[in-house]
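Protein chains in written order, with my numbering: chain Y, 301 to 380; chain Z, 4 to 155.
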């Protein structure tokens, strides 16, 4: 997003929050020229989570012949 | 992936407890179609709502047990199982909360659930967040114990 120095002076907090929330960086313009950028820090855990999520979404679950609920109960009976 | 030791009263934002009965249906299908549909609606909703999955520590053992059992029984590829458990682990925050044998006992005794179920339910209560579950006992106890069930 494009922001001006005037906007930064008035709304710095909301601009920073928006960058952190959306991940979209903010380019700061002064007298019509880009002079600085505010960007969100990359969160390694968030990236891993996103990759994991996408992989799980694409996954075709394997067919099994014993009920999952039974399997969980079996684990518990065995004293997990 | 993260292990989290929460301080008393600390809450994680926009969280949801997901029971192993739901997560295992992201990896396996046993023919229970409505349960499968629910589990996948939960997965979709978690992405859409940017929810943070939290699980009690016992989930680590439960998930490994089920995957190991099915992998042996159905001769599933070792790498495939390792990948899938890693994805689940990456997606979750495993909470080492303030659960003790006595409060688990008390909750399970008064609510009529197993101590294993209590670990999930108490986490949802403590975090004031919903729980996604297909476990009949956890569902049954939700009204009495006043934790909310997640409806995707």
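Cβ coordinates follow ideal geometry from the N, Cα and C atoms, glycine included.
State yes or no: is the C-beta of residue i within less than 7 Å of the C-beta of residue j?
i	j	result
residue 91 of chain Z	residue 26 of chain Z	yes
residue 364 of chain Y	residue 73 of chain Z	yes
residue 56 of chain Z	residue 21 of chain Z	yes
residue 14 of chain Z	residue 130 of chain Z	yes
residue 144 of chain Z	residue 98 of chain Z	no
residue 323 of chain Y	residue 336 of chain Y	no
residue 153 of chain Z	residue 124 of chain Z	no
Quickly, what does DSSP pair residue i with across the bridge? List them, please.
i	result
residue 8 of chain Z	Z/99
residue 304 of chain Y	Y/329
residue 15 of chain Z	Paired residue(s): none; residue 15 of chain Z is not in a bridge.
residue 134 of chain Z	Z/20, Z/152
residue 56 of chain Z	Z/19, Z/95
residue 110 of chain Z	DSSP, once it has assigned bridges, lists no residue as partnering residue 110 of chain Z.
residue 32 of chain Z	Y/363
residue 334 of chain Y	Y/329
Could you work out which residues of chain Y lie near residue i, taking near to mean beta carbons separated by less than 8 Å?
i	result
residue 29 of chain Z	356, 359, 361
residue 69 of chain Z	368, 371, 372, 375
residue 15 of chain Z	Going along chain Y, no residue has its Cβ under 8 Å from residue 15 of chain Z, so there is no contact; the nearest lies around 13 Å.
residue 50 of chain Z	353, 357
residue 107 of chain Z	Chain Y residues near residue 107 of chain Z: none, gap ~13 Å exceeds 8 Å.
residue 5 of chain Z	345
residue 32 of chain Z	361, 362, 363, 364
Give the residues of chain Y in contact with residue i, contact being defined as C-beta atoms less than 9 Å apart.
i	result
residue 77 of chain Z	362, 363, 364, 365
residue 35 of chain Z	367, 368, 369
residue 41 of chain Z	Residues of chain Y passing the Cβ test: none, with the nearest at roughly 12 Å.
residue 46 of chain Z	353, 356, 357
Assuming residue i contacts residue j (C-beta within less than 8 Å), just tell me the rounded distance between them.
i	j	result
residue 316 of chain Y	residue 325 of chain Y	Contact flag wrong, Cβ pair sits at about 11 Å.
residue 1 of chain Z	residue 328 of chain Y	The structure shown does not extend to residue 1 of chain Z, since chain Z is modelled only from 4 to 155, so the question has no answer here.
residue 93 of chain Z	residue 349 of chain Y	6 Å
residue 371 of chain Y	residue 58 of chain Z	With a Cβ gap of about 17 Å, residue 371 of chain Y and residue 58 of chain Z do not count as contacting.
residue 127 of chain Z	residue 150 of chain Z	4 Å
residue 44 of chain Z	residue 155 of chain Z	4 Å
What in chain Z is Cβ-close to residue i, meaning under 7 Å?
i	result
residue 349 of chain Y	93, 94
So residue i contacts chain Y; which residues on that side make the cut at Cβ distance below 7 Å?
i	result
residue 23 of chain Z	372
residue 72 of chain Z	371
residue 90 of chain Z	352, 355, 356
residue 119 of chain Z	376
Residues, ordered as in the chain, of the region 306–332 of chain Y that lie near chain Z by beta-carbon distance below 7 Å:
none
Tell me which residues of the region 122–144 of chain Z have at least one Cβ-Cβ distance to chain Y shorter than 9 Å, keeping chain order.
137, 138, 139
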